[in-house]
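Sequence lines, in order, name chains A and B. Using this note's numbering, read the first sequence as starting at 6 and increasing by one per residue. Using this note's numbering, read the second sequence as starting at 3 and increasing by one per residue. Beta carbons are placed, not taken as given, at the ideal position from N, Cα and C, and that holds for glycine. Take a look at the structure below.
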Amino acid sequence: MRDTRASTKVMAAGTIVEPIAAQTAEEISAQEFVRVVETHRPQIFRFLLASTRDVDLAETLTQECFLKAHRNWSHFRGESTAMTWLMRIAINLQKDHWRNRRMQFWRQTRSNAVDVDEASDWLPSGERTAEQRLLAREQVGRVWTAVKGLSERQRTVFLLRYVEEQELNEIATATGLSEGTVKAHLSRALAKVRTELGGKR
Amino acid sequence: MKWMKSITGKAAEPQPDLELNPELRQALQNFRQSVHAWSDAEINRPRSVRVAADSAWRPALAWALGCVVIAGGVSGGLYDHHRVVVERQQAAARIAHERQLAEQQKLQQTDESLLANVDTDISRSVPAAMEPLAQLMEDNGSN
């Protein structure tokens, strides 16, 4: 993005090639955006999928996220990383979605969210014994149960930390919370996960 | 893993990750890998866009219903307007007819009373020669 601006300025100095330069800058900007989409789409989709457990909804919100990002691409100042910026958009879209759903309680809204058991069927491929796989499945199921019981904010912070492996300052920027608040939410979320893991023994 | 690195790297700061015991850490790792596996499988799955084709009848139905409602509203309004106009005309005609009847009745009454007065006057005015007889009839009538 910054390179695009620089190239626009340099090229704008020329008088004859100015229209061509503007077009080139636009093309560069578009190419940059395409690269950003290709790089960050899986991560945004994954976060939204884990948040909603709904594949279609996650796909829709991901598309909306990049559509919004494309519209505001020229306003992106680079104060945070593109990933953090995109994640912030995704979090806001997700919030809006749940808020709208709560407001439209009279509408018969169909949810495609998969069950916790179904979500925990997905296990990493690796050389594991049947017993290890069973244990892992049980653990994943319990974590999903705990995640389901978390508040919206706790869930967001938890997923950003332990699924997306973001640093606390990145989470704070993406969520618009202070680092202290992020830590507090994370601590509460972990306590619930721990209780879920230990409680059903 | 970054969050696992931070456990060892930032020991001075109070980090929530410090509370992780090996079992919890293993569970979180499995959870993370599970979500990644699910997401990778879903993002690469080809999707067919059937929604637009299937729901094509919905806008058509909405339009049809909208047209029916508008047509119903307009025709209902027109019918109501027509009904009011007809009722007004009928009421006006009825009032006019009643007025006409009243006037006729009034005229009739006037004529009748006039004739009655004339009859009385005529009956009372008798020739002088008949005056004693008329007097006698009046006396008899009063008795």
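Can you give me the C-alpha to C-alpha distance between residue 46 of chain A and residue 192 of chain A, rounded to a whole angstrom? 28 Å
According to the neighbour-count rule (16 or more other Cβ atoms, all chains shown, within 10 Å of its Cβ), is residue 69 of chain B buried or exposed? With fewer than 16 Cβ atoms within 10 Å of its Cβ, residue 69 of chain B is classed as exposed.
Where the alpha helix (DSSP H) containing residue 146 of chain A begins and where it ends: Unbroken alpha helix (DSSP H) run through residue 146 of chain A: 135-153.
Assuming the contact rule is C-beta atoms closer than 8 Å, residue 70 of chain A and residue 87 of chain A should be a hit. Round their C-beta distance to whole Å, please. Contact doesn't hold; Cβ gap of about 12 Å is too wide.
Any beta carbon of chain A sitting closer than 9 Å to that of residue 63 of chain B? no
If you reduce the DSSP assignment to three classes, tell me which class residue 109 of chain B lands in. Helix.
Span of the alpha helix (DSSP H) holding residue 61 of chain A? 60-76
N- and C-terminal bounds of the alpha helix (DSSP H) containing residue 40 of chain B: 24-45
Residues that residue 34 of chain B contacts on chain A, provided the C-beta gap is smaller than 8 Å: 167, 168 and 170
Over what stretch of residues does the alpha helix (DSSP H) that includes residue 170 of chain A continue unbroken? Counting along the chain, no alpha helix (DSSP H) covers residue 170 of chain A, and no H or E run does either.
Keeping to the same chain, check which residues put their C-beta closer than 8 Å to that of residue 138 of chain A; ignore five residues upstream and five downstream. 128
Report yes or no: is there a C-beta of chain B within less than 9 Å of the C-beta of residue 60 of chain A? Taking CB atoms only, residue 60 of chain A has a neighbour in chain B less than 9 Å away.
Residue closest to residue 73 of chain A, alpha-carbon to alpha-carbon, out of A:98, A:177 and A:154: A:98
Three-state secondary structure (DSSP) at residue 127 of chain A? coil
Determine, using beta carbons only, whether residue 202 of chain A and residue 22 of chain B come nearer to each other than 9 Å. Not closer than 9 Å, so no.
Rounded separation between residue 67 of chain B and residue 41 of chain B - CA only: 42 Å
Leaving aside the five residues before and after residue 67 of chain A along the sequence, list all residues of the same chain whose C-beta is less than 7 Å from its C-beta, in chain order. 46, 49, 50 and 53
Within the chosen definition, does the stretch 180-189 of chain A reach the stretch 150-167 of chain A through at least 3 CB pairs nearer than 8 Å? With a cut-off of 8 Å, the stretch 150-167 of chain A and the stretch 180-189 of chain A count as touching, because enough Cβ pairs lie within range.
Straight-line Cα distance separating residue 31 of chain B from residue 38 of chain B: 11 Å
Counting only the same chain and skipping the five closest in sequence on each side, list residues whose C-beta sits under 6 Å from that of residue 151 of chain A. 197, 198 and 201
Looking at the C-beta of residue 92 of chain B, does it have a partner C-beta in chain A at a distance below 9 Å? no
For residue 160 of chain A and residue 56 of chain A, I'd like the C-alpha separation in whole angstroms. 7 Å
Who are the Cβ neighbours of residue 123 of chain A in its own chain at under 7 Å, not counting the five residues just before and after it? Leaving aside the five residues that flank residue 123 of chain A on each side, none in its chain has a CB nearer than 7 Å to its CB.
Local conformation of residue 120 of chain A per DSSP, three classes: coil
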